[in-house]
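Enquirer: One structure, as structure tokens, below. Some questions next.
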Amino acid sequence: MLKFELFDDMNIMIDERFVKVPLGCPVCKLLLMDSDDHDSFYNFECCSACKMQWAWPNKDKWLVGWRPSAEMVIEFRQNRVSVPSYTVRG
Ligand SMILES: [Zn+2]
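Structure below.
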């Protein structure tokens, strides 16, 4: 039988530089799926697709807080979700 035990003298190492990566991109709200998305989040606080679409072309504005409008994000999301996420061998 499994049981939990409490340890009073336990030390936990905490890295204060650790940045939690959310499940979804803060800009387009789609899932952060791979290491490219995680790297993009660390550098631009968005997924790699948003980085290529908006962050790089608008880098100066992006770094001071500019983000695309809701209408721009909706159109972008519609284009992204229409792209197949897998390839079928025929
Ligand atoms: Zn995104």
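When we follow the working numbering, the leftmost residue of the sequence shown carries the number 14, and every step to the right adds one.
Quick reminder that beta carbons are idealized off the backbone N, C-alpha and C, glycines included.
Nothing here was measured: the structure is a model prediction, and the numbers come from that model.
(1) To which residues of the same chain is Cys-41 closer than 8 angstroms at the C-beta, ignoring the five residues directly before and after it?
(2) Going by DSSP in three states, Leu-76 sits in which element: helix, strand or coil?
(3) Would you tell me roughly how many angstroms separate the C-alpha atoms of Val-111 and Phe-54, rounded to the nearest one?
(4) In whole angstroms, what is the alpha-carbon distance linking Arg-80 and Trp-67?
(5) Of the residues Ala-83, Phe-57 and Phe-20, which one's Cα is nearest the Cα of Asn-71?
(6) Going by DSSP, what residues sit across from Leu-44 in a beta bridge?
(7) Distance check for Ser-48 and Glu-29, CA to CA, integer angstroms please.
(8) Does any heavy atom of ligand 1 sit closer than 7 angstroms to the C-beta of Leu-43?
Expert: In brief:
(1) Cys-59, Cys-60, Ala-62, Cys-63, Val-86, Phe-89, Arg-90 and Arg-93
(2) Assigned with DSSP and collapsed to three states, Leu-76 falls in helix.
(3) Look at the range of the chain in this structure, 14 to 103, and you will see that residue 111 is not part of it.
(4) 8 angstroms
(5) Phe-57
(6) Gly-37
(7) Each residue's Cα considered, the two are about 21 angstroms apart.
(8) Yes, the beta carbon of Leu-43 sits closer than 7 angstroms to at least one heavy atom of ligand 1.
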